[in-house]
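K.L.:
Residue numbers (the numbering used here): 2 to 462.
This is how it looks when you write it as structure tokens:
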């Protein structure tokens, strides 16, 4: 509906709006009183706001729930527990999708806030499938010995078909063999596996996808990721990834039992910032990036910009790049105490699942939270010019596992990523309706208050 309807007064439109909203909310509640995961078409990623409506698909894929706040906002609360429900289609009347910060409730079985991730660097391009499976056995054995929670293989690690133009029953059998292998190995070793191969979808037309399949500790396939941007040669519209269909689903995420929400991008996806913004909007803590190469500085930049871990698994003789949410590398020269194991083809790191990046703007209770945590939180001003802090559970905390994100919620402290995302969405909303930012209340506490801030962290006048 539009305000500019001929012959209807503003008051009349308000009545219509109220009626439409009540019907919309009633439909939502009647359709699903259960939590849902919401996504959007690939051309409508989270930062977009336009004058037309956006079709938002919600399904019970993970922890989420749709909450209608008013006619301009549909929030996706990713802290809600999952529950079965039919797929529901929503239309956000103001074309704005807001993502509240994802906070995974600590499992009663979780005694640690560390996750052990293994990344493989190996080139199987010229191998037979049998040889690649033999290599995979060795990489999995090394990861298991290092206590890994998850192992990720490079892009198209398992060669299932020599020529997609001649796809036949043998190729189909190879795909199924790899699926069975990954399911069996993940269950055998009680470890998450991310296996990269070609998959096919049959129908009126056959579609091939550059795919990463995710198996949990019990051998269940929990998620499938399809490369969003296969390589295409300029001008001619052809390329080395001929026959591959680009992803039709956009970025998706899955939850783990080691306390991290995870998403995946594949190789050439690194060149497209909207992919990484989509993953940030889904509230992920870790991005796995199987690729043909190691990526370079852009990977650290994405980690810094969106404040999640990135773990690269390349078809390379060198180990993959691992970046923390502050954009800092984890390697022999930096944060080497997080390295558990390394050989020529397997790199295993321990990641702090409760590490967060905070900007002190508007977080007026941050230092109160830190001071009242009695040594449970460590603080690192890693970017003084931008006033960005890394907060993590203290290594010597006497209270056991410190679930820092829940402490942030209790004090109303925003992570840097949530603050940026919220600001982007609300700015886009104001821009779409041509309205200025409203003034702050006169009694509002000013940003940048020095109350409780240690002297070494105070701004220089």
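Just so it is clear, CB atoms sit at the ideal spot from N, CA and C, and this is done for glycine as well. Quantities reported herein were computed from a predicted structural model and do not represent experimental measurements.
Pick from 251, 375, 230 and 153: whose alpha carbon is nearest that of residue 245?
P.N.:
Of the listed residues, the one whose Cα sits closest to residue 245 is 230.
K.L.:
Taking the straight line between their C-alpha atoms, what separation do you get for residue 348 and residue 340?
P.N.:
Near 8 Å, if we compare the C-alpha coordinates of residue 340 and residue 348.
K.L.:
Is it true that the CB of residue 327 sits closer than 8 Å to the CB of residue 391?
P.N.:
Yes, the Cβ-Cβ distance between residue 391 and residue 327 is below 8 Å.
K.L.:
Can you tell me the Cα-Cα spacing of residue 161 and residue 172, whole angstroms?
P.N.:
Their backbone Cα atoms lie some 6 Å apart in a straight line.
K.L.:
Taking DSSP as the reference, what is the three-state secondary structure of residue 277?
P.N.:
Helix.
K.L.:
Grouping DSSP H, G and I as helix and E and B as strand, with all else coil, what is residue 138?
P.N.:
Helix, per DSSP.
K.L.:
Rounded to whole angstroms, what is the Cα-Cα separation between residue 367 and residue 411?
P.N.:
If you take the alpha carbons of residue 367 and residue 411, they lie about 11 Å apart.
K.L.:
In whole angstroms, give me the CA-to-CA distance for residue 402 and residue 156.
P.N.:
Approximately 35 Å between the Cα atoms of the pair.
K.L.:
Taking 8 Å as the cut-off, does the segment 258-265 touch the segment 287-307 (at least 3 CB pairs, one atom from each stretch)?
P.N.:
At 8 Å Cβ cutoff, the stretches touch.
K.L.:
Determine contact between the segment 145-159 and the segment 288-307, defined as no fewer than three beta-carbon pairs at a distance below 8 Å.
P.N.:
As far as the Cβ criterion goes, the segment 145-159 touches the segment 288-307, which means the pair count is three or higher.
K.L.:
Give the range of the alpha helix (DSSP H) segment to which residue 183 is assigned.
P.N.:
That run of the alpha helix (DSSP H) goes 170-190.
K.L.:
The beta strand (DSSP E) spanning residue 393 covers which residue range?
P.N.:
Looking at the DSSP string, the run of the beta strand (DSSP E) that includes residue 393 is 389-394.
K.L.:
How long is the line joining the alpha carbons of residue 197 and residue 369, rounded to whole angstroms?
P.N.:
Rounded to the nearest angstrom, the two C-alpha atoms are 46 Å apart.
K.L.:
Given this structure, state the Cα-to-Cα distance separating residue 431 from residue 439, to the nearest angstrom.
P.N.:
So the two alpha carbons sit approximately 10 Å from each other.
K.L.:
Measuring straight from C-alpha to C-alpha, what distance separates residue 249 and residue 203?
P.N.:
Looking at the two C-alpha atoms, the distance is approximately 15 Å.
K.L.:
Keeping to the same chain, check which residues put their C-beta closer than 7 Å to that of residue 234; ignore five residues upstream and five downstream.
P.N.:
Same-chain partners within the cutoff: 240.
K.L.:
Grab the span of the alpha helix (DSSP H) containing residue 434 for me, first residue to last.
P.N.:
Residues 417-434.
K.L.:
With three or more beta-carbon pairs closer than 8 Å as the criterion, would you say the segment 117-129 touches the segment 317-327?
P.N.:
As far as the Cβ criterion goes, the segment 117-129 touches the segment 317-327, which means the pair count is three or higher.
K.L.:
How is the alpha helix (DSSP H) around residue 408 delimited, first residue to last?
P.N.:
First-last of the alpha helix (DSSP H) with residue 408: 405-412.
K.L.:
Considering residue 313, what are the terminal residues of the beta strand (DSSP E) in which it resides?
P.N.:
Residues 310-315.
K.L.:
Just to confirm, is the Cβ distance from residue 396 to residue 378 under 8 Å?
P.N.:
Cβ atoms of residue 396 and residue 378: not closer than 8 Å.
K.L.:
Kindly list the residues whose CB is nearer than 7 Å to the CB of residue 417, restricted to its own chain and excluding five residues on each side of it in sequence; keep chain order.
P.N.:
These residues qualify, in order along the chain: 308, 358, 359, 360 and 389.
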